[in-house]
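Q: Mapping to my numbering: the sequence shown position 91 is 93, numbers consecutive.
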Amino acid sequence: MPSLAELRKAVCSLEVSGGERIKLSSLVADAYELHRWPEANRAIIQVASQFNLLEMPNEHTTPEKGITNYQYDYTQGPSCAMACAAATVFRNYLVPVGSQRGQTQTCQLNALADMDRAIGIGGIRMQNGYALLQPDTVLAISKHIEAMDELSRDGVRQNLRVGVHSDTEVTIPGVSKNQRVTQVLCSALPVAYHYSPRKDWAPFATLVLEACYEATLLAAGAKLSRHR
C-alpha cells in the first residue's frame with residue numbers, strides 16, 4: 003500500500019528512454035468485462051474502492067461479512083473486485099494488518115491515515131473503509147488546506163496511500179489462466195454520505211482525488227518499466 007511520495011520516488015529512479023509518446027483515448031466499457039479483454043492483459047486498472055481496499059456497500063458492513071455479496075453490486079469497484087476474486091479474498095482474509103492476518107471489524111487497513119496525520123486537525127472517524135466527518139471537521143480541514151501554499155498542500159497530498167495489487171489473476175470463468183492485471187485501489191471521500199455543503203468538501207476531496215490519479219499513473223509508469 004504505497005504512498006504517493008513512495009511512488010514518486012520509485013518512478014524518479016527509473017531510466018527514461020526517449021522517443022516514446024503517451025496516447026490518450028476515452029474508453030466506455032463494462033468494468034467487469036474489461037478485465038477479460040485480451041488487450042487488457044498486463045494492464046493497470048484503477049478501481050473505485052474504500053480506504054480499507056475493500057468494497058463495502060456502506061459503513062456498517064464489516065470484513066467478517068465476506069465478499070460474496072459483491073457480485074450483486076454492479077458498480078465499478080465491486081465489479082472489478084469480483085473480476086479478480088482471488089486478490090479480493092487475500093485483501094479481506096489474508097492481508098497482514100499489524101500483528102494479524104486479514105481484516106476484521108476492529109483492525110483494518112487505512113489508506114487515509116498518513117494524510118490524516120499530516121493534516122493534523124483530527125476528527126476523521128474511519129469505519130469499514132469510510133471516512134466519516136462531522137460538518138465542522140469538514141469545514142476546518144478544508145479551510146486549513148485552502149490556507150496552504152502549493153508546496154504545503156503537496157506535502158499533505160503525497161501522504162495518501164493506495165492499494166497496488168500487482169499481476170493479479172483474472173478469475174472470470176472462461177478467461178485464460180495467463181490473464182493478469184494490476185489493480186490500483188483508490189478511495190474518494192464519501193461526500194454523498196454527509197450533510198456538509200459540497201463547497202465545504204471541495205479542497206479536501208480534490209486533494210484526495212489528485213493524489214489518487216497521480217498515484218495510478220505513477221504505478222503504471224513503474225510497471226511499464228519493469229515489463230520492458
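We put the beta carbon where it would ideally sit given N, CA and C, even for glycine.
Give the secondary structure of E57 by DSSP, where H, G and I count as helix, E and B as strand, and everything else as coil.
A: On the sequence shown, position 55 is the one that residue 57 refers to. DSSP places E57 in coil when its eight states are reduced to three.
Q: Whole alpha helix (DSSP H) runs in the region 26-58 with 4 or more residues, listed along the chain?
A: 33-36
Q: Give me the Cα-Cα distance between L141 and T64, rounded to the nearest whole angstrom.
A: On the sequence shown, position 139 is the one that residue 141 refers to. On the sequence shown, position 62 is the one that residue 64 refers to. C-alpha separation (whole angstroms): 28 Å.
Q: Ends of the beta strand (DSSP E) at Q181?
A: Taking the first residue of the sequence shown as position 1, residue 181 is located at position 179. Element bounds for Q181: n/a, residue is neither H nor E.
Q: Look up L211 in the DSSP assignment and say whether it is helix, strand or coil.
A: On the sequence shown, residue 211 is found 209 positions in, with the first residue counted as 1. It is helical.
Q: Flag R10 as yes when its Cβ comes closer than 8 Å to any non-hydrogen atom of the ligand NAP, and as no otherwise.
A: You won't find the ligand NAP in this model; it holds no ligand whatsoever.
Q: For V172 versus C109, is the C-beta distance shorter than 9 Å?
A: Locating residue 172 in the sequence shown gives position 170, where the first residue counts as 1. Locating residue 109 in the sequence shown gives position 107, where the first residue counts as 1. No, Cβ-Cβ distance for V172 and C109 is not below 9 Å.
Q: If contacts are defined as beta-carbon pairs under 8 Å, then G125 and Q136 qualify, I think. What distance do you get, rounded to the angstrom?
A: For this step, residue 125 is matched to residue 123 along the sequence shown. For this step, residue 136 is matched to residue 134 along the sequence shown. With a Cβ gap of about 6 Å, G125 and Q136 count as contacting.
Q: In whole angstroms, give me the CA-to-CA distance for G121 and P175.
A: Start at 1 with the first residue of the sequence shown, and residue 121 comes out as number 119. Start at 1 with the first residue of the sequence shown, and residue 175 comes out as number 173. One detail in the question is off: residue 121 reads as Ile in this sequence, not Gly. Each residue's alpha carbon lies about 44 Å from the other.
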